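Visitor: Chains as they are written, first to last, in the UniProt record's numbering: chain U, 1 to 187; chain H, 1 to 187.
Just so you know, even glycine gets a beta-carbon here, dropped at the ideal spot from N, CA and C.
Owing to the predicted nature of the structure, the values given are computational and were not obtained by experimental measurement.
Before I ask anything, here is the structure I am working with.
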DNA sequence: TTTAGACCTTGATAAAAGTCAAAATTTCAA
DNA sequence: TTGAAATTTTGACTTTTATCAAGGTCTAAA
């Protein structure tokens, strides 16, 4: 599980004992494209770390799926609302491509907090990052025109444009496929 | 500072020592309407607990202010992005009415984490609540029609409609004052 | 290689919301 | 209480984006 060493890199310094204890609770997942990490209606079971690949979170409304977020390599992902509240998730998360993931179950994470109080801090920092990403997304969603939202995405997360389909991007940007297509034609 | 005892109620159980230690670091603020808790361009200094009253967070774009969130009695509020990253805040937070607040400085909170590791957990839970509120707001912002967003606000946070001005509510709901006025006329 | 289905683009039209302007109403201090 | 300023509403018109429909294009299985 050597690849998972990068997992703590951007978070915080923890003792060797905590690191080893935490890593021993991780599970490696090799997922094909379209593998579902979390499912709508189920309580989120795991916190995932994307070592390689990418994922998309979405929910369904009126028979179409609406993308909530994209997650790239080096990021943590889960249905956070469900993971926190232990209530059924409204979102489904699936890989956008063949991916290598590490995950820890909610229960094991709680166990970690008890065994290694340092982990509280590490997790707090994950939460903070998650929070900030969400806040940026909210500000982003306030960009009034469809064109501005697209340009902002191009600027901030260009990888998503390569990895996701037009429909996935359009719903993420809160516009129709047609509008996105026209914006692209005009640039 | 007896009113502040309600402060931990919905969070977690902490030991008496931690509670006393934490409370000793709190500062009571009696604020008139329009008192600024945090200012755009400054690094957020405090985490506030609203004991009585309410607050509004907003940023300025093209000479008009855009409301990001409303906070009510019993909630924590700060310019979280700035509070976490220690970079200048893009938002200003002010009271909507005469309010009673308790606040802890960022530095004292960090000190608390060192003195009372239990506080990591309590703060983590505040962060989780903050996160969930933000996520709900994001979903809410995806409600397509202006009318739906207004009805949702009426349903979920009717108090805001009494406390805030039309302009504040309209910018929060991502519509013009005129559109909000017309929606209200039609209901 | 062919071809069905999915995916994407383009066009015409409609609906939603924005802008600008003016009138009505409310608020608050003199 | 009154009048000026601020806030809210209403109206006419414009812009943006959605919807519906029809063509293209790409892709993968036969």
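1) Only counting the same chain, and skipping five residues up and downstream in sequence, which positions put a Cβ closer than 7 Å to that of residue 5 of chain H?
2) For residue 40 of chain H, decide whether its Cβ has a neighbour in chain U, counting only Cβ atoms nearer than 8 Å.
3) When DSSP labels each residue in this structure, what does residue 38 of chain H get in the three-state scheme?
4) Is residue 66 of chain U near the ligand HEM, in the sense that its beta carbon is under 7 Å from a heavy atom of that ligand?
5) Check this for me: beta carbons of residue 105 of chain H and residue 50 of chain H, under 8 Å apart or not?
6) Using a Cβ-Cβ cut-off of less than 8 Å, give me the residues of the region 101-126 of chain U that come near chain H, in sequence order.
7) In chain order, what residues of the same chain lie with their CB nearer than 6 Å to the CB of residue 172 of chain H, ignoring the 5 residues before and after it?
8) What span of residues does the beta strand (DSSP E) with residue 72 of chain H cover, start to end?
9) Does the beta carbon of residue 49 of chain H come closer than 8 Å to any beta carbon on chain U?
10) Give me, in chain order, the residues of the same chain whose beta-carbon lies closer than 7 Å to that of residue 182 of chain H; leave out the 5 immediate sequence neighbours on both sides.
11) Using beta carbons (cut-off 8 Å, strictly below), is residue 174 of chain U in contact with chain H?
12) Should residue 130 of chain H and residue 48 of chain U be called a contact, given that it needs their Cβ atoms to be closer than 8 Å?
13) Quick one: which unbroken alpha helix (DSSP H) runs of 4-plus residues sit fully inside the region 72-110 of chain H? Chain order, please.
14) With distance defined between alpha-carbon atoms, name the residue in H/135, H/177 and H/102 nearest to residue 25 of chain H.
15) So what does DSSP say about residue 179 of chain U, is it helix, strand or coil?
16) Say whether chain H places a C-beta atom closer than 8 Å to the C-beta of residue 85 of chain U.
17) Applying a beta-carbon distance threshold of less than 8 Å, which residues of chain H neighbour residue 137 of chain U?
18) State buried or exposed for residue 128 of chain U, treating a residue as buried only when at least 16 other CB atoms are found within 10 Å of its CB.
19) Just checking: is the beta-carbon of residue 66 of chain H within a distance shorter than 8 Å of some beta-carbon in chain U?
20) Would you give the residue range spanned by the alpha helix (DSSP H) that residue 120 of chain H belongs to?
21) Which word fits residue 169 of chain H, buried or exposed, when buried means at least 16 other C-beta atoms lie within 10 angstroms of its C-beta?
22) In whole angstroms, what is the alpha-carbon distance linking residue 207 of chain H and residue 109 of chain H?
23) Return yes when the Cβ of residue 92 of chain U is within less than 8 Å of the Cβ of residue 38 of chain U, no when it is not.
24) In its own chain, which residues sit with a C-beta less than 6 Å from the C-beta of residue 27 of chain H, not counting the 5 before and 5 after it?
25) Output the distance between the C-alpha atoms of residue 53 of chain H and residue 153 of chain U, rounded to the nearest integer angstrom.
26) With a Cβ-Cβ cutoff of 8 Å, do residue 70 of chain H and residue 56 of chain H count as a contact?
Guide: Checking against the coordinates, here is how it stands:
1) Looking up residue 5 of chain H in the second chain gives position 5. Caution applies to residue 5 of chain H, whose pLDDT of 49 falls short of 50 and renders its modelled position unreliable; the value that the coordinates give is listed next. Contacts found: none.
2) Indexing the second chain from 1 puts residue 40 of chain H at position 40. Residue 40 of chain H does not count as touching chain U.
3) Position 38 of the second chain, counting from 1, holds the residue named residue 38 of chain H. In the structure shown, residue 38 of chain H falls within a strand segment according to DSSP collapsed to helix, strand and coil.
4) No copy of the ligand HEM appears in this structure; indeed no ligand is present at all.
5) As a working note, residue 105 of chain H is residue 105 in the second chain. As a working note, residue 50 of chain H is residue 50 in the second chain. Judged by beta-carbon spacing, residue 50 of chain H lies beyond the 8 Å limit of residue 105 of chain H, meaning their Cβ atoms are not closer than that value.
6) The residues in question are 113, 117, 120, 121, 123 and 124.
7) Position 172 of the second chain holds residue 172 of chain H. Cβ within range, chain order: 67.
8) For the purposes of this step, residue 72 of chain H is taken as the residue at position 72 of the second chain. Note, residue 72 of chain H: beta strand (DSSP E), 64-72.
9) Along the second chain, one-based indexing puts residue 49 of chain H at 49. False, the Cβ-Cβ gap to chain U never drops below 8 Å.
10) Residue 182 of chain H sits at position 182 when you count from the first residue of the second chain. Around residue 182 of chain H: no qualifying Cβ.
11) Indexing the first chain from 1 puts residue 174 of chain U at position 174. Chain H contact via Cβ: present.
12) For the purposes of this step, residue 130 of chain H is taken as residue 130 along the second chain, with counting starting at 1. For the purposes of this step, residue 48 of chain U is taken as residue 48 along the first chain, with counting starting at 1. Taking 8 Å as the cut-off, the beta carbon of residue 130 of chain H is found no closer than this to the beta carbon of residue 48 of chain U.
13) Runs of the alpha helix (DSSP H) inside the region 72-110 of chain H: 80-85.
14) Residue 25 of chain H sits at position 25 when you count from the first residue of the second chain. Among H/135, H/177 and H/102, the Cα nearest to that of residue 25 of chain H is on H/102.
15) Position 179 of the first chain, counted from the start, is the residue given in the question as residue 179 of chain U. Reduced to three states, the DSSP call for residue 179 of chain U is helix.
16) For this step, residue 85 of chain U is matched to residue 85 along the first chain. Nearest CB-CB separation between residue 85 of chain U and chain H: below the 8 Å threshold.
17) Position 137 of the first chain holds residue 137 of chain U. Neighbours of residue 137 of chain U on chain H, chain order: 138.
18) Position 128 of the first chain holds residue 128 of chain U. Residue 128 of chain U comes out buried.
19) Here residue 66 of chain H is taken as the residue at index 66 of the second chain, counted from 1. When Cβ-Cβ separations below 8 Å define contact, residue 66 of chain H makes contact with chain U.
20) For this step, residue 120 of chain H is matched to residue 120 along the second chain. Residue 120 of chain H -> alpha helix (DSSP H) spans 118-141.
21) Along the second chain, one-based indexing puts residue 169 of chain H at 169. Residue 169 of chain H is buried by the Cβ-count criterion.
22) An answer regarding residue 207 of chain H cannot be provided, because it is not within the stretch 1 to 187 covered by chain H.
23) Position 38 of the first chain, counted from the start, is the residue given in the question as residue 38 of chain U. Position 92 of the first chain, counted from the start, is the residue given in the question as residue 92 of chain U. Contact: yes.
24) To locate residue 27 of chain H, count along the second chain from 1; it is residue 27. Taking residue 27 of chain H as the centre and dropping the five residues before and after it, the same chain places the C-beta of 103 closer than 6 Å to its C-beta, in chain order.
25) Taking the first residue of the second chain as position 1, residue 53 of chain H is located at position 53. Taking the first residue of the first chain as position 1, residue 153 of chain U is located at position 153. Straight-line spacing of the CA atoms in residue 53 of chain H and residue 153 of chain U works out to 38 Å.
26) The residue given as residue 70 of chain H occupies position 70 in the second chain. The residue given as residue 56 of chain H occupies position 56 in the second chain. Yes; because the gap between Cβ atoms is below 8 Å, this pair is in contact.
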